[in-house]
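Visitor:
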Amino acid sequence: MLCREFPLRMYEVNLHNLLPGQLQGNPLRSYLQRICCARNNSADHLAKIHPKATLDLPSPTTSHDPTATKPEVFTVWMKSLIMNSKGCTVFDSSGGIVYRVDNYDCERSSEVCLMDREGKVLITILKKKCSLFKTWKGYDGSIGSGERRTLFQVKKPLSFKKRESLYEVKVWTDKNQPSYYFIQGHGNSKSACKITNRLGGLMAEVKEKKSSLGVSLGDDVLTMSVEPNVDHSLAAGLLVVYGLFNRSL
2 MLCREFPLRM
12 YEVNLHNLLP
22 GQLQGNPLRS
32 YLQRICCARN
42 NSADHLAKIH
52 PKATLDLPSP
62 TTSHDPTATK
72 PEVFTVWMKS
82 LIMNSKGCTV
92 FDSSGGIVYR
102 VDNYDCERSS
112 EVCLMDREGK
122 VLITILKKKC
132 SLFKTWKGYD
142 GSIGSGERRT
152 LFQVKKPLSF
162 KKRESLYEVK
172 VWTDKNQPSY
182 YFIQGHGNSK
192 SACKITNRLG
202 GLMAEVKEKK
212 SSLGVSLGDD
222 VLTMSVEPNV
232 DHSLAAGLLV
242 VYGLFNRSL
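Position 148 of the sequence shown, counting from 1, maps to 149 under the numbering used here, and the rest follow consecutively.
1. For the stretch 204-217 against the stretch 134-146, are there 3 or more C-beta pairs whose distance is under 8 Å?
2. Rounded to the nearest angstrom, what separates E148 and G215 at their Cα positions?
3. L250 and K87: beta carbons closer than 8 Å?
4. With T174 and S180 assumed to form a contact (beta carbons below 8 Å), what rounded beta-carbon distance in angstroms separates them?
5. In this structure, does DSSP put S234 in helix, strand or coil?
6. Return the first residue and the last residue of the beta strand (DSSP E) that S180 is part of.
7. Between S110, V77 and M84, which lies nearest to R248 when the distance is taken from Cα to Cα?
8. Taking DSSP as the reference, what is the three-state secondary structure of V242?
9. Going by DSSP in three states, Q34 sits in which element: helix, strand or coil?
10. Can you give me the C-alpha to C-alpha distance between P229 and K71, rounded to a whole angstrom?
11. Counting C-beta neighbours from all protein chains within 10 Å, is the total for A119 16 or more, i.e. buried, or is it exposed?
12. Would V102 and L123 qualify as a contact pair, given that the criterion is a beta-carbon distance under 8 Å?
13. Using C-beta distances below 6 Å, list every residue in its chain close to Y168, excluding the 5 sequence neighbours before and after it, in chain order.
14. Could you pull the start and end residues of the beta strand (DSSP E) that E73 belongs to?
15. For R199, which residues of its own chain have a beta-carbon under 6 Å away from its beta-carbon, when the five flanking residues on both sides are left out?
16. Kindly indicate the opening and closing residues of the beta strand (DSSP E) around L123.
17. Please classify L239 as buried or exposed, where buried requires at least 16 neighbouring CB atoms within 10 angstroms.
18. Let me know the secondary structure DSSP gives G145 once reduced to three states.
19. Can the beta-carbon of V91 be found less than 8 Å from the beta-carbon of A193?
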């Protein structure tokens with residue numbers, strides 16, 4: 002199973018508190034060691050990605066502010082905080098973890114979950130099988146939590162242009178009246194993109210993050226700017242799908 006609710010507090014496991022020989026020869030021991038090691042390595046690396054980033058901040062809110070008048074800016078690290086796992090981690094402007102994706106099983110998965118900091122599944126993203134066009138669909142919450150409500154669908158139209166990176170998006174804010182958007186790749190990074198409505202109005206933009214001196218922090222460190230009145234989790238979910246299309250996740 003790819004989507005498992007995995008709280009970051011699991012990082013707090015201290016092997017020295019376990020009874021001697023308690024996990025001797027048990028595969029759980031090596032797994033816990035990986036988790037503890039991941040915390041140390043991630044904490045060291047986070048400072049380079051976001052000056053305020055920490056694993057110990059209280060959980061920030063994941064909903065957008067309806068009174069906001071300026072875009073909300075996030076830092077996106079196209080890496081998972083779990084060792085040997087594919088995924089990404091999204092930080093708010095205070096350095097707190099807002100969203101994360103941890104794919105435990107394989108690179109080319111057909112099921113991915115966008116979670117909050119505590120590991121609660123916000124959006125389950127599934128690859129549509131037996132489709133003429135490459136298509137991913139996003140569902141509200143965890144698949145096993147009851148009736149699935151479709152949030153969005155992203156489809157890559159058939160194109161003979163190798164570098165064409167335009168994706169069609171349907172978003173269901175109302176069951177009977179979907180809204181239509183586009184994801185357009187831009188920049189040098191595989192994950193850099195713009196999300197626009199049918200009239201070209203900007204919904205969100207993702208681009209390489211740069212230091213205060215204008216130096217790029219690498220292809221896997223991005224800035225995501227989300228316009229006011231746009232749901233932050235939706236923007237993050239669409240970014241995840243774009244990464245799945247381009248194999249950057």
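Backbone N, C-alpha and C define an ideal beta-carbon position, used for all residues, glycine too.
Guide: In brief:
1. no
2. 47 Å
3. Here L250 is near K87, since their CB atoms are less than 8 Å apart.
4. The Cβ separation is near 6 Å, so the contact holds.
5. If DSSP states are grouped into helix, strand and coil, S234 belongs with the helices.
6. Note, S180: beta strand (DSSP E), Q178 to G186.
7. S110
8. helix
9. A caution first: Q34 carries a pLDDT of 47, below 50, which makes its placement in the model too unreliable to give a value.
10. When the Cα atoms are used, P229 and K71 turn out to be separated by approximately 6 Å.
11. The sequence given here places Glu at residue 119; Ala does not occur at that position. It is exposed - the Cβ of E119 has fewer than 16 other Cβ atoms within 10 Å.
12. no
13. V155, K157 and I184
14. E73 to W78
15. Y181
16. Start and end: V122 to K128.
17. The residue in question, L239, is buried, as its Cβ has 16 or more Cβ neighbours within 10 Å.
18. helix
19. no
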